[in-house]
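S.K.: If you count by the working numbering, then the sequence shown holds residues 77 to 251, one letter each, in order.
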Amino acid sequence: MNSLKDSRKQAQDKLKLTAQAGIIAAMYVALTFVFAPISFGAVQVRIAEALTILPIFTPAAIPGLFVGCLLGNILGGGVIWDVIFGSIATLLGAVGTYILRKRNPIFGTIPPIVANTLIVPFVLKYAYAVDDMAFPLIFLSILGGEVLSCGVLGGMLGFSLRKAKGLFPQEEKTK
């Protein structure tokens, strides 16, 4: 009888995590397209990247962010290398944020900033044939956009969510 309750609880937990991942992916795509003029290109501030703070609160954010970024890049008309490596950058950032989840939320903003700043400029250079002369400016542009979206907006979101207790019930289990 007890094992039936345990398996039912596990199934419910998996369903909750899957639903959270789907909602996070949908929010990422929606934010990417609501702010489309600044979400794509060499100079970008992808507001949806503020959501990369969410792995602090739920592991479901990791696949949610990856799928959301993947869909955003596909639907945004990105070339295959942009779709693949841009999404991997977001995935790596989300995993890094999850690893740092027990620290101050501001530390959770660092992995996506680093991952995107190190990967996206090379994607833009090779996938879109950006001139070598422009590469340092693109690097700085991506860094600035990531600091704004992940660092400032993501940090504010993280601190706000920390104060909103009960929003992510399994958060207590992962700490």
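The C-beta atom is built at its ideal place from N, Cα and C for all residues, glycine as well. All figures in this text were calculated on a predicted structure; none of them were measured in a lab.
Alpha carbon to alpha carbon, how far is Phe111 from Tyr202? Give it in angstroms, no decimals.
M.R.: Here residue 202 refers to the residue found at position 126 of the sequence shown. Here residue 111 refers to the residue found at position 35 of the sequence shown. Going by the C-alpha atoms only, they are around 25 Å apart.
S.K.: On the criterion of 16 or more Cβ atoms from any shown chain inside 10 Å, does Thr94 qualify as buried, or is it exposed?
M.R.: Taking the first residue of the sequence shown as 1, we reach residue 94 at position 18. So Thr94 ends up on the exposed side.
S.K.: Decide yes or no for the touch test of the segment 215 to 232 against the segment 178 to 185: beta carbon pairs closer than 8 Å, at least 3 of them.
M.R.: yes
S.K.: By Cβ distance below 7 Å, which residues in the same chain neighbour Arg238 in space, the five residues on each side in sequence not counted?
M.R.: Reading the sequence shown from its first residue, position 162 is the one you call residue 238. The answer, listed in chain order, is Pro181.
S.K.: Where does Tyr260 fall in DSSP's three states?
M.R.: The structure shown has nothing for residue 260, since the chain only spans 77 to 251.
S.K.: If we ignore side chains and look at the alpha-carbon of each, how far apart do Cys145 and Val196 end up?
M.R.: Taking the sequence shown and counting its residues from 1, one reaches residue 145 at position 69. Taking the sequence shown and counting its residues from 1, one reaches residue 196 at position 120. The alpha-carbon atoms of Cys145 and Val196 are separated by roughly 13 Å.
S.K.: In chain order, which continuous runs of the beta strand (DSSP E) of length 3 or greater are located wholly inside the segment 165 to 240?
M.R.: none
S.K.: I need the straight-line Cα distance from Lys251 to Asp208, nearest angstrom please.
M.R.: Against the sequence shown, residue 251 aligns to sequence position 175. Against the sequence shown, residue 208 aligns to sequence position 132. Note that Lys251 has pLDDT 46, beneath the 50 cutoff, so the model's placement of it is unreliable and the number below is only indicative. When rounded, the distance between both Cα atoms is 45 Å.
S.K.: Determine the burial state of Gln96: buried for a count of at least 16 other Cβ atoms within 10 Å of its Cβ, exposed for fewer.
M.R.: If you number the sequence shown from 1, residue 96 lands on position 20. By the neighbour-count rule (16 or more Cβ atoms within 10 Å), Gln96 is buried.
S.K.: Within 10 angstroms of the Cβ of Gln120, are there 16 or more other Cβ atoms? Answer buried if so, exposed if not.
M.R.: Stepping through the sequence shown from its first residue, residue 120 is reached at position 44. So Gln120 counts as buried.
S.K.: Can we say the segment 121 to 135 touches the segment 165 to 175, given the rule of at least three CB pairs closer than 8 Å?
M.R.: yes
S.K.: Counting only runs that start and end within the segment 112 to 144, where is the alpha helix (DSSP H) found for 4 or more residues in a row?
M.R.: 112 to 115
S.K.: Can you tell me whether Leu80 is helix, strand or coil according to DSSP?
M.R.: As a first step, residue 80 is located in the sequence shown; it is residue number 4 there, counting from the start. Leu80 falls in the helix class under three-state DSSP.
S.K.: Whose C-beta lies closer than 6 Å to the C-beta of Val155 among residues of the same chain, with five residues either side of it excluded?
M.R.: In the sequence shown, counting from the first residue as 1, residue 155 sits at position 79. Same-chain partners within the cutoff: Ala203.
S.K.: Using a 10 Å radius around the Cβ and a threshold of 16 neighbouring Cβ atoms, would you call Glu248 buried or exposed?
M.R.: Locating residue 248 in the sequence shown gives position 172, counting from the first residue. Bear in mind that the predicted position of Glu248 carries a pLDDT of just 46, short of 50, making it too unreliable to give a figure here.
S.K.: Count the other C-beta atoms from every protein chain shown that fall within 10 angstroms of the C-beta of Gly153, then say buried if there are 16 or more, exposed otherwise.
M.R.: Residue numbering aside, residue 153 sits at position 77 when the sequence shown is read from its first letter. Gly153 should be labelled exposed.
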